[in-house]
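Scroll down for the structure; my scribbles are underneath it.
Numbering (my numbering), first residue to last: 166 to 249.
Shown next, in the form of C-alpha cells:
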C-alpha cells in the first residue's frame, strides 16, 4: 500500500506570492475515507521542494513546487492503516 502522496503547486494567473516555508505552510489531506493534518509533531512528514524557481521558499509567478506527504508514521499512530 502506498502511504505517500505528491502534489505539484503553482500560482494561478495573477496570483499573489505564497510563503511555503515550514513555519507558514499548513497542509491537510482528505479523501472520502480519511482526513489527516500534516505536521511533523504527529508523525506525518512533509517535504516541499522547488522544481522551477529561484531557490527560495516563496512560490512566485512562473515557479513550481512539489509537496510530498509521507503518512507511514500516521498509520502506526492510528494502530492501523488509513484506508487510502
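The beta-carbon is built from N, C-alpha and C at its ideal position, and this holds for glycine as well.
Query	Result
Closest to residue 250 by CA distance: which of 182, 204, 173 and 202 is it?	No statement about residue 250 is possible, as the shown extent of the chain runs from 166 to 249 and does not include it.
Using the Cα positions of residue 175 and residue 227, report the straight-line distance between them to the nearest angstrom.	7 Å
Apply the 10 Å Cβ neighbour rule to residue 201 and answer buried if 16 or more other Cβ atoms are within range, or exposed otherwise.	buried
For the beta strand (DSSP E) that residue 235 lies in, which residues bound it at each end?	229 to 235
Using CA coordinates, which residue listed in 225, 221 and 170 is at the minimum distance from residue 179?	225
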